[in-house]
Structures are given as C-alpha cells and as structure tokens.
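Chemist:
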Amino acid sequence: MSSKNVVILGGGLAGLEAAIYYRKEGFEVELISERPYLFIFPIAIWIPVGTSTFEDVAFPLDTLAARHGFTLTIDRVLSLKAHDHSFILEKGGERKADHLVIALGASKMRHEGIEHTLSICGAPEQSVLLKERIDALVAKGGGKIAFGFGGNPNDPSGVRGGPGFELFFNLHHHLKKLGIRDKFEMTFFAPMPQPGARMGEKALILMESMFKRNRFASRYGKKITRFEESAVVFEDGTTLESDLTMFIPAGDGLGFIKESDLPQNKAGFIEINDFCEIKGVKGWYAIGDSAALEGPQWKAKQGHIAEVMARNAAHNNAITLGLKTGEKKGYKEHLNILCVMDMGNGAGFVYRDDKKALLIPMPIIGHWLKMGWGWYYKRSKMGTIPRIPGM
Ligand SMILES: Cc1cc2nc3c(=O)[nH]c(=O)nc-3n(C[C@H](O)[C@H](O)[C@H](O)COP(=O)(O)OP(=O)(O)OC[C@H]3O[C@@H](n4cnc5c(N)ncnc54)[C@H](O)[C@@H]3O)c2cc1C
181 MSSKNVVILG GGLAGLEAAI YYRKEGFEVE LISERPYLFI FPIAIWIPVG TSTFEDVAFP
241 LDTLAARHGF TLTIDRVLSL KAHDHSFILE KGGERKADHL VIALGASKMR HEGIEHTLSI
301 CGAPEQSVLL KERIDALVAK GGGKIAFGFG GNPNDPSGVR GGPGFELFFN LHHHLKKLGI
361 RDKFEMTFFA PMPQPGARMG EKALILMESM FKRNRFASRY GKKITRFEES AVVFEDGTTL
421 ESDLTMFIPA GDGLGFIKES DLPQNKAGFI EINDFCEIKG VKGWYAIGDS AALEGPQWKA
481 KQGHIAEVMA RNAAHNNAIT LGLKTGEKKG YKEHLNILCV MDMGNGAGFV YRDDKKALLI
541 PMPIIGHWLK MGWGWYYKRS KMGTIPRIPG M
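Under our numbering, the first residue of the sequence shown carries the number 181, and numbering increases by one thereafter.
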C-alpha cells in the first residue's frame, strides 16, 4: 500500500468524518464498516416514540462514499495486531495497513440479566424494539416504566446518561399527548448518588425540579445487582418492578481490542496522544468512542469530540507524511460537554468546560433546534449545504 492510502475502521460519526477529511487531504480512503449505514445516534431518541423512523436515522454509507470518493467495504473486524500493522476481517481475512484509523466505537459493560432490558445506546435495531414495547404498553393502557444507566469504574468518560433522560422525557411527553400519562409509573435509576452531576450543579437543581413537577420517581445511589424479566434488583435486595426496562450500560473497550497488543487503559480504550496517534504504533490513529480520553475529570465521549478527533487525525497524518506543512492539532483543548437535551416539547442546552457549567431551558425552540441539527448533519455531510465551523 502506498503512503497516501488509509484504512478507516468503523462507519460511525468518527469514521465518516475521518473518511471525508482524509479525502480532503488527498488520501485514497477505504472505510470498513460492519453495517451499510451510519447510525446518527444523537437523533435516535425519537424512534421509540414515533417522532422519527429508523430510516430517518440510518444514513446509507454507499451514498456518502460516492459523494466523497472513498471506497466502502462492508465487513467485520475480528482482531487487530499493532506489532505488524495488521488486522483480520471476517470475510476479507488478514490485511495490513501502514496508515489506519480505529473508529470502532465502544462495547458495553456486562450486567446479569441484561437480556431483559433494551437500550437506546445499543444495537440500532433496539430502538425499533423499544418502539414496539412502548406501543404495546400504550395499547394495554398503563404500566410501570424503569429507565436507567450504569457506571464503569475503570473509565467514567464512557458513562452515557443523557440519551436515557432524553428518551424518558420524550416518552413522558408522548404519553401526555395521548392523555394516558397518569396510568404509568415512571422511575429513573442509576448507581451514582447524583446522576448527571458532570453537567454541573445548576443542571442537577433543574432536573430535580423537573422530576418533582412531572411525578417521576427515582432510585439513585444503589448498585444494580441484576435485571429480571419484570424487575431491577439492587444490591440492598430491594427491587423496582418494571414492564419495560430501558438501560444504558456504560461504555467499555471492545473485546477484540482488549485482547490485542494495542496500548489501552483499564477499560480497554486505546491510548493516544493529543494528536490521536496511538502510543507506540507509528501511522495508526484512534478516534471517537474507541479512544481513551485524557483530560478533566468531567470529560465525556461525545459526537462532536469524535469529529474533532477525526479531522485532527487527517490533518496530523498529512503533516507527518509531509503532504502539507503546519502545526499538528490536539483534541484536548476542545474537550467540553455540549448537547441539546431534548424533552419532546423543548430542550435544555447543556454546556460544561473548566470554567462554566450551564443548563439553559429552551422550551419549544430547543426541540426544533435539535431536529434542525439532524437535518443539518445529513446535508452538510452530503455537501449540499456548507459546514458551519465548530458543528
Ligand atoms: C442515543 C445516543 C445519543 C447521543 N446523543 C449525543 C448528543 O446529543 N451529542 C453528542 O455529542 N453525542 C451524543 N452521543 C454520543 C455520540 O453519538 C458518540 O460519541 C459517537 O457516536 C461516537 O462515534 P464513533 O464513530 O466513535 O462510534 P459509533 O458511532 O458507535 O460508531 C462505531 C462504528 O463502528 C462500527 N463497528 C463496530 N464494531 C465493528 C467491527 N467489529 N467491525 C466493523 N465495524 C464495526 C459500528 O457499526 C459503527 O459504524 C449519543 C450517543 C447515543 C448512543
């Protein structure tokens, strides 16, 4: 393979952005993804409540490949070997790459009885299963709903609670519109005493008042022992009855990465330097949820950080190969928490960095802003509208 070829593993937010920006830097790009579409996770929260369809959220990668001139290979990565710059594909067998970007996302922490739960952050198909279960509960006319998320003591940056809250609020709004909210008990659970604390103090106060106003119950600060068909069981032996349990296990390193010789942290995320170069593996980069983030204690794996890392990897790789001149770019200075937390009929604008932590309520318009982001994402990736810097 010539020095201007790059292989990108993973067709998510990070992998696609890397493919687009490596093309801009003049590389020949092959993107390898196990599925033929990019799943735009931030807007998947609307599938279970019927605001969006699966097709609205699954963005065909072949269309994107044709638009940007990269090669798309649908195959599953089975293993990686850093020492000889090789990897094995399920169908394609062993391959070598001098220049490689790992953008394979993350796996999830294991919990006993997880099969009794569905996750909005799991396999994309689960969003459709969640819709079926919600529709069945609506048809039944009432029930008990438990939503929650778990932790990862080895790397809290992989904890993902925001989408759980978003779907919880959207479901509340959906049931209210149907006039049957009072027939449902809605409880949120998490092992930490203050879930959402990394969004800052103000956010916690606002969430608490929202919980009271909307009659949401909570079970916080208790470790989850296991899930049963109709219950969540906690370490103190108490249970939470549930007809539908939506649970987001914290992110964890992918099994085959843990088994590889790649440098990794305790959770199995790949160790990189500020330039997204994998430590000790020349020419290989890791970006997005697969990478071990370094930085402030509140840091979180997020889509916009994944995209900054992707653009930086392309830029830095081009500089390393002498394809252009300039300074390499780091991801750490971009670390912040930025999201529009949708509630179905509005949203909260969440921002956190070292200096400030904000949650600004945005009734009505916030919901349309997030909807607008989904529209913008697809069109800007197709190049039919220009990219807004920073988005
Ligand atoms: C429901 C939800 C809502 C979110 N909302 C927001 C938000 O509002 N704002 C925000 O900034 N972030 C949000 N995030 C986080 C954001 O979506 C992630 O940080 C981002 O998707 C990470 O991108 P990635 O490409 O690293 O991983 P992923 O998007 O997970 O992509 C990984 C890719 O690798 C592929 N892959 C995995 N294993 C293999 C294999 N063995 N072989 C081949 N291909 C493989 C997958 O199919 C996938 O295409 C949200 C996440 C979820 C789940």
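Quick reminder that beta carbons are idealized off the backbone N, C-alpha and C, glycines included.
(1) Assuming K472 and F449 form a contact by the criterion Cβ under 8 Å, report the distance between their Cβ atoms to the nearest whole angstrom.
(2) Below 8 Å, can you find three or more Cβ-Cβ pairs linking the stretch 504-513 to the stretch 404-423?
(3) Run through the DSSP bridge pairs and tell me what F327 is partnered with.
(4) Using DSSP's beta-bridge definition, name the partner residues of K357.
(5) Have a look at A238, A194 and N453 and flag the residue whose alpha-carbon is nearest the alpha-carbon of V308.
(6) Would you say the beta carbon of H484 comes nearer than 7 Å to a heavy atom of ligand 2?
(7) Would you give the residue range spanned by the alpha helix (DSSP H) that Y511 belongs to?
(8) Can you tell me the Cα-Cα spacing of E208 and F250, whole angstroms?
(9) Near S182, which residues of its chain fall below 6 Å by C-beta distance, leaving aside the five closest residues on each side in sequence?
(10) Which full runs of the beta strand (DSSP E) of 3+ residues lie inside the stretch 524-549, going along the chain?
(11) Is the beta carbon of D432 closer than 8 Å to that of A447?
(12) DSSP state of T418, grouped into three classes?
(13) Check the DSSP bridge columns for K261 and list the partner residues they point to.
(14) Please classify Q482 as buried or exposed, where buried requires at least 16 neighbouring CB atoms within 10 angstroms.
(15) May I ask which residues mark the beginning and end of the beta strand (DSSP E) holding N185?
(16) Classify K558 as buried or exposed, calling it buried when 16 or more other Cβ atoms lie within 10 Å of its own Cβ.
(17) Sort L317, P443, Q374 and I268 by Cα distance to I360 and report the nearest one.
(18) For I450, which beta-bridge partners are listed by DSSP?
(19) Sort M289, G322 and F364 by Cα distance to N334 and report the nearest one.
(20) So, helix, strand or coil for A411, using DSSP?
(21) Would the stretch 229-244 count as touching the stretch 363-373 if we require 3 or more Cβ pairs under 8 Å?
(22) Going by DSSP, which residues form a beta bridge with A238?
(23) Below 8 Å between beta carbons: does that hold for R313 and F329?
(24) Smallest Cα separation from A381: which of A537, T233 and H547?
(25) Identify, in the order they occur along the chain, each residue of the same chain with its Cβ nearer than 6 Å to the Cβ of I268, setting aside the five sequence neighbours on each side.
(26) So, do the stretch 221-229 and the stretch 342-359 have three or more beta carbon pairs nearer to each other than 8 Å?
(27) Near V187, what residues of its chain come up, given a Cβ to Cβ distance below 6 Å and the 5 sequence neighbours on each side ignored?
(28) Evaluate M571 with the Cβ neighbour count: other Cβ atoms within 10 Å of its Cβ, from every protein chain shown; 16 or more gives buried, anything less gives exposed.
(29) In the structure shown, what three-state DSSP assignment does M181 receive?
Modeler: Quick look at the numbers:
(1) Counting from 1 along the sequence shown, the entry for residue 472 is found at position 292. Counting from 1 along the sequence shown, the entry for residue 449 is found at position 269. In the sequence as presented, Lys is not what sits at residue 472; that position holds Ala. Indeed, because the Cβ distance is near 4 Å, the residues count as touching under 8 Å.
(2) no
(3) Locating residue 327 in the sequence shown gives position 147, counting from the first residue. Its beta-bridge partners are F368 and M426.
(4) By one-based count along the sequence shown, residue 357 stands at place 177. Its beta-bridge partners do not exist; DSSP assigns none.
(5) Start at 1 with the first residue of the sequence shown, and residue 308 comes out as number 128. Here the closest residue by C-alpha is A238.
(6) Judged by which ligands are present, ligand 2 is missing from the structure shown, whose ligands are ligand 1.
(7) Indexing the sequence shown from 1 puts residue 511 at position 331. No alpha helix (DSSP H) holds Y511; DSSP gives it neither H nor E.
(8) To locate residue 208, count along the sequence shown from 1; it is residue 28. To locate residue 250, count along the sequence shown from 1; it is residue 70. Whole-angstrom Cα-Cα distance: 7 Å.
(9) In the sequence shown, counting from the first residue as 1, residue 182 sits at position 2. Any reading at S182 needs caution, since the residue's pLDDT is 47, under 50, leaving its predicted position unreliable; the model's value is listed next. The answer is none, since no qualifying residue turns up.
(10) 526-532 and 537-543
(11) As a working note, residue 447 is residue 267 in the sequence shown. As a working note, residue 432 is residue 252 in the sequence shown. Closer than 8 Å, so yes.
(12) Working through the sequence shown from its first residue, we reach residue 418 at position 238. Of the three classes helix, strand and coil, the one that applies to T418 here is coil, per DSSP.
(13) Along the sequence shown, one-based indexing puts residue 261 at 81. For K261, which the question treats as bridged, DSSP gives the partners S266.
(14) Residue 482 sits at position 302 when you count from the first residue of the sequence shown. Buried.
(15) Sequence index remark: in the sequence shown, residue 185 carries index 5 (1-based). N185 to L189 is the extent of the beta strand (DSSP E) around N185.
(16) On the sequence shown, residue 558 is found 378 positions in, with the first residue counted as 1. With 16 or more other Cβ atoms within 10 Å, it is buried.
(17) Here residue 360 refers to the residue found at position 180 when the sequence shown is read from its first residue. For I360, the nearest C-alpha among the options comes from L317.
(18) Here residue 450 corresponds to residue number 270 of the sequence shown, with the count starting at 1. I450 is bridged to Q444 and A471.
(19) Here residue 334 refers to the residue found at position 154 of the sequence shown. Answer by Cα proximity: M289.
(20) By 1-based counting over the sequence shown, the position of residue 411 is 231. Here A411 sits in strand by DSSP.
(21) no
(22) The residue you call residue 238 lines up with position 58 of the sequence shown. Its beta-bridge partners are F219.
(23) Residue 313 sits at position 133 when you count from the first residue of the sequence shown. Residue 329 sits at position 149 when you count from the first residue of the sequence shown. Contact: no.
(24) Position 201 of the sequence shown, counted from the first residue, corresponds to residue 381. The sequence as given places Glu at residue 381; Ala does not occur at that position. Cα-wise, what sits closest to E381 is A537.
(25) Here residue 268 is taken as the residue at index 88 of the sequence shown, counted from 1. So the qualifying residues of the chain are L258, S259 and E274.
(26) yes
(27) On the sequence shown, residue 187 is found 7 positions in, with the first residue counted as 1. Cβ within range, chain order: E210, A277 and L280.
(28) As a first step, residue 571 is located in the sequence shown; it is residue number 391 there, counting from the start. Looking at its Cβ environment, which holds fewer than 16 other Cβ atoms inside 10 Å, M571 is exposed.
(29) Residue numbering aside, residue 181 sits at position 1 when the sequence shown is read from its first letter. With a pLDDT of 44 at M181, under the threshold of 50, the modelled position of this residue cannot be trusted, and the question is left open.
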